[in-house]
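So the structure is just underneath, and the comments pick up after that.
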């Protein structure tokens, strides 16, 4: 009578795979059987641990991005998004790291004990880093400023706050360059928040047909805003006129950005957009297509705890 063989159980397949790997390694390296079995098991556990680290790192980035996206779709303070992203991502990475260590046979309890014993030395070595983290948390809790506010201070370069991170705060200067300032430096020094007084930024962009007219256009726009009493001045609030873009057809875009009081923002923006083209035409600049428009940026009002 013919014997009917059923499907091989998963456990049997696993042991068959191990046996094949052991035999292959023995033939290649002529190692003792006991050492081959141990080496095979260690390699498999190491492979699983590496796979866990790769998948865990990808998953942490994905979850951090989802948290930031979810916060951006709600009315949550945009200043909190980078910090929540970093905390969520690193929490998952730490958990995955301990799981990977456990997979390769490292006693995680011993690792925690060693880290606890070395906590003082680690704290002293990372004193500056820990200060930045603590300062970042305090900035987010007390919120002396938010993303979009215009600030200036001894410890912070003058500009618009774009992001308060776990270690640094990203500030955009009036020339468009980003400056990363350690959180502890901002927290330990006085900071002036101009946005708390109702200041708004008005931007107007005008397209010209010839690149050679860029310098002429910048001078003409500077003269235009110099005669406008609504435009605020000073080191931090100084008007900025720059070449925003050079285009393929030989043209360029010139952008002016000024700070005005909240009450004047809408009317000032409309006036500047209307007069910019006529001023440039009077200066002899050949105009391109219609201006791309004016945008009024209103930094969120600061709420002090």
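In the UniProt record's numbering, the protein residues as written are 1 to 305.
A virtual CB, placed ideally from N, CA and C, is assigned to each residue, including glycine.
Straight-line gap, residue i to residue j (C-alpha atoms, nearest Å)
i           : j           : result
residue 57  : residue 72  : 23 Å
residue 111 : residue 103 : 14 Å
residue 139 : residue 133 : 10 Å
residue 211 : residue 203 : 21 Å
residue 94  : residue 87  : 11 Å
residue 142 : residue 135 : 10 Å
residue 292 : residue 154 : Since pLDDT at residue 292 reaches only 44, below the 50 mark, its modelled position is unreliable, and the value read off the structure follows with that caveat. Whole-angstrom Cα-Cα distance: 37 Å.
residue 254 : residue 116 : 58 Å
residue 163 : residue 186 : 13 Å
residue 270 : residue 264 : 10 Å
residue 109 : residue 97  : 13 Å
residue 188 : residue 196 : 20 Å
residue 85  : residue 62  : 10 Å
residue 222 : residue 248 : 26 Å
residue 113 : residue 44  : 27 Å
residue 176 : residue 273 : 21 Å
residue 268 : residue 55  : 53 Å
residue 281 : residue 224 : 13 Å
residue 74  : residue 261 : 28 Å
residue 147 : residue 279 : 34 Å
Residue nearest to residue i in terms of C-alpha spacing, selected from the options
i           : options            : result
residue 191 : 205, 110, 160      : 160
residue 226 : 256, 188, 285, 116 : 256
residue 198 : 232, 223, 213      : 232
residue 166 : 82, 239, 144, 44   : 82
residue 286 : 264, 69, 215       : 215
residue 276 : 74, 107, 205       : 205
residue 89  : 148, 238, 65       : 65
residue 157 : 243, 178, 284      : 178
residue 60  : 69, 91, 217, 44    : 91
residue 283 : 68, 218, 244       : 218
residue 106 : 147, 42, 184, 228  : 42
residue 242 : 234, 213, 184      : 213
Residues near residue i in its chain [Cβ-Cβ closer than 6 Å; skip 5 each side]
i           : result
residue 180 : 168, 170
residue 240 : 174, 257
residue 259 : 199, 201, 232, 237
residue 230 : 260, 264, 268
Helix, strand or coil at residue i according to DSSP, with G and I counted as helix
i           : result
residue 82  : helix
residue 261 : strand
residue 286 : coil
residue 89  : helix
residue 300 : Confidence at residue 300 is low in this model, with a pLDDT of 41, below 50, so its placement is unreliable and no value can be given for it.
residue 177 : coil
residue 230 : coil
residue 159 : strand
residue 48  : helix
residue 294 : Because residue 294 carries a pLDDT of 43, less than 50, the predicted location of this residue cannot be relied on, and no value is offered for it.
residue 237 : coil
residue 127 : helix
residue 166 : coil
residue 254 : strand
residue 206 : strand
residue 244 : strand
residue 277 : helix
residue 98  : helix
residue 105 : coil
residue 147 : coil
residue 249 : coil
Own chain residues within Cβ distance below 7 Å of residue i, not counting five before or after
i           : result
residue 100 : 49, 52, 53
residue 288 : 207, 208, 209, 251
residue 193 : 144, 145, 149, 151, 302
residue 246 : 211, 252
residue 172 : 159, 160, 162, 178
CB contact below 7 Å: residue i versus chain D
i           : result
residue 107 : The structure shown has no chain D; it contains just one protein chain.
Sequence-distant residues of the same chain with beta carbon closer than 8 Å to residue i, five excluded per side
i          : result
residue 46 : 104
Residues bridged to residue i (per DSSP)
i           : result
residue 200 : 260
residue 153 : 191
residue 74  : Note: residue 74 sits in no beta bridge, so no partner.
residue 182 : 168
Residue i: CB within 6 Å of a non-hydrogen atom of the ligand NAP
i          : result
residue 54 : In the structure on display, the ligand NAP does not appear, and there are no ligands present to speak of.
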